[in-house]
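2 protein chains.
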Amino acid sequence: MTDSLRIVPLGGLGEIGLNMLLVEYGDRAVAIDCGVMFPEASMMGVDLVIPDVSYLRERPDRLQGIVLTHGHEDHIGALPFIARELVVPTYATPFAHALIEQKLEEHKLALPLERFKPGDSWHVGPFEIEAVHITHSIVDAVALAIRTPLGTIVHTGDFKFDQTPLDGQPSDLRRFAALGDAGVLALLSDSTNVERPGVTPSERSLGPKLEAAFRRAGGRVLVSTFASHLHRIQQVLDLSARTGRRVAIVGRGMVQNVATGERLGYLRVPPGLLVDLAEARSLPPERVTLLSTGSQAEPLSALTRIAMNDHKQVQIGVGDTVIFSSKMIPGNEKPIFDVINHLHRRGAEVLYETTADLHVSGHASQAELALMLNLARPRYFVPIHGEYRHLARHAALAAEVGVAQEDCFILEDGDVLEIDGAGARRAEPISAGRVFVDGKGVGDVGDVVLRDRRHLSDGGMILAVLAVNQQTGTIISGPDLISRGFAIEGESQAYLERAKEVVLEALAALAPESRTVPAEVKEEMRKALRRYFKKTLERRPVVLPFVMEL
Amino acid sequence: MTDSLRIVPLGGLGEIGLNMLLVEYGDRAVAIDCGVMFPEASMMGVDLVIPDVSYLRERPDRLQGIVLTHGHEDHIGALPFIARELVVPTYATPFAHALIEQKLEEHKLALPLERFKPGDSWHVGPFEIEAVHITHSIVDAVALAIRTPLGTIVHTGDFKFDQTPLDGQPSDLRRFAALGDAGVLALLSDSTNVERPGVTPSERSLGPKLEAAFRRAGGRVLVSTFASHLHRIQQVLDLSARTGRRVAIVGRGMVQNVATGERLGYLRVPPGLLVDLAEARSLPPERVTLLSTGSQAEPLSALTRIAMNDHKQVQIGVGDTVIFSSKMIPGNEKPIFDVINHLHRRGAEVLYETTADLHVSGHASQAELALMLNLARPRYFVPIHGEYRHLARHAALAAEVGVAQEDCFILEDGDVLEIDGAGARRAEPISAGRVFVDGKGVGDVGDVVLRDRRHLSDGGMILAVLAVNQQTGTIISGPDLISRGFAIEGESQAYLERAKEVVLEALAALAPESRTVPAEVKEEMRKALRRYFKKTLERRPVVLPFVMEL
């Protein structure tokens, strides 16, 4: 009897980001990707979200290796946290490898990190992994064909079918066709852009649009984009060279990635093109391009400081053009629009998502997703990388393309798809979820803590301190009331004075035998204060009573 | 010597919402609109934002009246708060009038509220006001021509030029043309959609698209839209009648507005069309339309509860179609997508902004804004209703249409444009801004309170209580440490135990003469705890030391 094959998503099925998925055969597993998710607004104070790997922690010998499909944060960002407890061979393409090395260095960590190239095949536990070149918004991205004793699983990673990519290397369509011919047991495919009809435009299609914007610009052009998007950066460099502009790079991440990209041969920087910021200041504005990070309005980024007129070396003003060659990541709209408003106040011309078409996505739209399904012709289909709405739509698309509806499985994190000789079915889910990183703490902030933070943020807090005689329950001192985040100083004092009386009245009404029980005194204070603020102000501050027994 | 004319925006110029603008002549003013803004994510715990009217409060006889251009919340919502202190004649069209009456009743307030109709003219202080019919996403919306001793000001309100509106009453183009012929001193025009090229589609253009969605639907159709959008509601009613569906209304606001709309003659409800929810349950699914509020995923709304399978009378499932005939208001995307994900989990087909084109905006796009400029041919131009980026772009559009650049004034809230015989110029700004409503408190939450709430939400809080001998400074009890929103219980206890020692060490190192000064003891505790949590965890909880002297 053979073992069964299991597909076990730990993250990324039910959300955008947090990508991590296990393929298991018997008691051995390989993990695909190990990414973070950026916190949602409700995850207050959280810096990063990583997948919960307690399933692997409790099965210490199971994981045989981690294979990374490309170098984006939502695919590699959790490595420094996961790698502290799961030290296994980790495989990445050269650019992702370089990004991971930087990251591990910052965290002072080491990992058995191996390099592979698109086209390579190698073994991880019971699996043979083959990396298939695909196009995406970062160089060196791959899909994976995972050969298992029960058949081949194709995991697309993040992809688009860019037929005219900047480096002349379209996705390896013929390899996907060959895999389909040989038989694909299951296809796991990127659902990020499944809501978009048609085909995602080629990276190359941006060239003429960027050029038109550059030619219209009278002064300096500042282009803000993702620091890892080397092809976008290449276009800006080439265009600047062609339009007689020198390029100065602003922002540490961009400087680092341009250097890495050039060192690895992914970026060709025309000699003499780059200048430092001091030199850029001495050139006529129409001879200068600034290439900058900060397209998501990160608070400390170069672009945010420039917009606030708070950057030491770069001032933007009338006559200058600022181009956001980027997508607004959902949740970042408000800070990005704040930056855009400030740039307008400086007098700059600003081109951005809502007003100009100067970005293309790295993810496949419906027609490309259908193409992938038709190339791979899988027995089973599992949509990955998306919220439930994306997964549901992708499953519907697969059904349209001809996969039987009962062979499409919408899984969410922790759901398990089991495949054996008898077919495929959902098995018992495993424990999976989100772990919060806050400062140096990993996992010490949970849902209760977040609920308390939301409560604190909503109404502030009232602290009530009372000292009582341990024997008699007589009040020795207090109640003293202090508030934070409740009301402006003058007004809160007035409320608190009245609230003191409310507490005293409530305590006076307390049965004598209860007065020596701190828990009861505290509960009475809490109830009295809650009632008071609810009634007078319709507010629910966090009430924190403290009783000191002396 | 004549007085000068002043345009004084109190809200809505620098943000979407909060619309309120004064036109002053000498020492008398009329206010146009009195709207709220919905709080941004950073305004934690705030329920509503209203304009700061201290400028008027300090000049009690100045305001002669408030004229409301239409019944949307961002134009009338602040009335119940402002009306407590500024009781002046308030003018509204019949539908807005009905909405305001409901609102005042809820607040147990009365106002000298007058009704006017499009086409009416009347006097307010030194001004003659003329209401000009325009189309918008609510019935009974008007632009205003304000005749002043120095010339006519045209304030567009919110508008679009719908040439084929559902009620057959397009905007009064010829009146705008006549006003332009007679001479417009200043045009104040809606900038909300200035980023969109072309023309906003007609409300009527939705008809065939909604019909196609209805005809495709096999089961029940639930349409969610804004409760005040009577023309949208009319389309859903007519379409249901035409496709053999009965309509059940879900949600208090929708029930109320349908009744008001029918009573005022803005809505024609075919006899026998409406059924209650109990009856709707007894009908075959393909014979039922549900018309619902909750398009913004308001937490208690009918649709949100239906999505969570938590509505007593309505369950949505496989075979049903849910249509969001609405825009996602910026900032609401995440909760709306949560609702959409849940509806997909229920098995429903869901049509929404990103996947279907079943909503049209009520605001004019670039070509319509240019048309308004060409009709009015103003001497001066002031873009209104928008963030800075909208205002800047609208000013640029006006310049393209032929208004001299120096005659376009980008004002923000509190800026003053002064016009007299010698021309127009910026005058000294006045005090304006945002007032926060939190529960029953109006204005008692300010920027410091919000900063504290953000700080509390970010790292939670640590309370440290110490009782000391007043004379000697000897510690009688404590330090006791309590935390909220800091770390999960087990872990926080461990941190707090260590932190106690840190406090004791810091206090031991304090000079003896400082130990009897509570302020110094508190400051030392605060510093020690901050340092400790920063160093060990990279966190910054709010530290609240409390010293009790006995």
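So the sequences go chain by chain: G and H. The first sequence begins at 70 in our numbering and counts up one residue at a time. The second sequence begins at 70 in our numbering and counts up one residue at a time. Built from N, CA and C at the ideal position, the CB exists for glycine as well. All values reported here derive from a predicted model rather than from experimental measurement.
Reference residue i, options the options, closest by Cα
i: G:Val-292; options: G:Phe-228, G:Thr-358 and G:Ser-271; result: G:Thr-358
i: H:Ala-317; options: H:Glu-170, H:Asp-307, H:Leu-125 and H:Ala-347; result: H:Ala-347
i: H:Arg-374; options: H:Leu-532, H:Glu-174, H:Pro-404 and H:Thr-585; result: H:Pro-404
i: G:Ser-111; options: G:Val-518, G:Val-586 and G:Ala-568; result: G:Val-518
i: H:Asp-96; options: H:Val-105, H:Val-118 and H:Arg-131; result: H:Arg-131
i: H:His-454; options: H:Gly-81, H:Ile-76, H:Ser-73 and H:Val-77; result: H:Gly-81
i: G:Gln-325; options: G:Arg-315, G:Phe-295, G:Thr-312 and G:Pro-354; result: G:Phe-295
i: H:Pro-149; options: H:Arg-495, H:Leu-248, H:Pro-120 and H:Tyr-449; result: H:Pro-120
i: G:Asp-482; options: G:Ala-465, G:Leu-74 and G:Ile-85; result: G:Ile-85
i: H:Gly-83; options: H:Ala-597, H:Leu-480, H:Val-590 and H:Gly-559; result: H:Leu-480
i: H:Pro-354; options: H:Phe-615, H:Arg-314 and H:Pro-239; result: H:Arg-314
i: H:Thr-138; options: H:Ile-151, H:Asp-116, H:Glu-109 and H:Ala-100; result: H:Ala-100
i: H:Val-506; options: H:Arg-126, H:Ile-135 and H:Ile-151; result: H:Ile-151
i: G:Arg-446; options: G:Ala-98, G:Ser-297, G:Asn-262 and G:Arg-244; result: G:Arg-244
Nearest-angstrom Cα separation, counted from residue j out to residue i
i: H:Glu-154; j: G:Glu-607; result: 21 Å
i: G:Arg-458; j: H:Asn-410; result: 5 Å
i: G:His-39; j: G:Ile-557; result: Because chain G spans 70 through 619 in this model, residue 39 of chain G falls outside it and cannot be assessed.
i: H:Asp-143; j: H:Cys-103; result: 7 Å
i: H:Gly-140; j: G:Val-419; result: 34 Å
i: G:His-176; j: G:Glu-170; result: 10 Å
i: H:Arg-503; j: H:Tyr-124; result: 13 Å
i: H:Leu-460; j: H:Leu-369; result: 35 Å
i: G:Asp-389; j: H:Ala-465; result: 15 Å
i: G:Asn-443; j: G:Gly-490; result: 24 Å
i: G:Gly-194; j: G:Arg-216; result: 11 Å
i: G:Leu-235; j: G:Ala-210; result: 14 Å
i: G:Phe-283; j: H:Phe-393; result: 39 Å
i: G:Gly-492; j: G:Glu-197; result: 22 Å
i: H:Val-451; j: H:Thr-225; result: 11 Å
i: H:Val-572; j: G:Phe-107; result: 35 Å
i: G:Val-344; j: G:Arg-285; result: 23 Å
i: H:Gly-422; j: G:Pro-266; result: Checking the sequence shown, residue 422 of chain H turns out to be Glu, not Gly. Cα to Cα, H:Glu-422 sits roughly 13 Å from G:Pro-266.
Run of the alpha helix (DSSP H) containing residue i, from where it starts to where it stops
i: H:Asp-521; result: 516-528
i: H:Pro-277; result: 275-285
i: G:Leu-460; result: 457-470
i: G:Glu-142; result: 142-145
i: H:Ile-405; result: 402-414
i: G:Thr-605; result: 587-606
i: H:Phe-150; result: 148-151
Span of the beta strand (DSSP E) around residue i
i: G:Leu-256; result: 253-259
i: H:Arg-448; result: 447-453
i: H:Thr-221; result: 220-224
i: H:Leu-155; result: H:Leu-155 -> no beta strand (DSSP E), and no H or E assigned at all.
i: G:Phe-393; result: 390-393
i: G:Leu-213; result: 211-217
i: H:Asp-507; result: 503-507
Exposure label - residue i; buried when at least 16 CB within 10 Å
i: G:Glu-24; result: Shown here, chain G extends from 70 to 619; a query on residue 24 of chain G therefore has no answer.
i: H:Glu-570; result: exposed
i: G:Val-387; result: exposed
i: H:Pro-277; result: exposed
i: G:His-192; result: exposed
i: H:Glu-437; result: buried
i: H:Val-156; result: exposed
i: G:Ala-533; result: buried
i: H:Gln-365; result: buried
Residue-chain proximity (residue i, chain A), Cβ-Cβ < 7 Å
i: G:Asp-521; result: This model lacks chain A altogether; the protein chains it does include are G and H.
Every unbroken beta strand (DSSP E) inside the region 97-132 of chain G [3 residues or more]: List check, beta strand (DSSP E) in window: 97-101 and 117-120.
Alpha helix (DSSP H) segments (min. 4 residues) lying fully within the region 160-204 of chain G: Assignment of alpha helix (DSSP H) within the region 160-204 of chain G, counting only whole runs of 4 or more residues, yields 163-175 in chain order.
Please specify which runs of the alpha helix (DSSP H), each continuous and at least 4 residues long, are wholly inside the region 295-374 of chain G, giving them in chain order. Entirely contained in the region 295-374 of chain G, the alpha helix (DSSP H) runs reaching 4 residues are, in chain order, 299-311, 321-332 and 346-351.
Of all the beta strand (DSSP E) runs that stay within the bounds of the region 536-582 of chain G, which reach a length of 3 or more residues? Those beta strand (DSSP E) runs which fall completely within the region 536-582 of chain G and span 3+ residues are 544-553.
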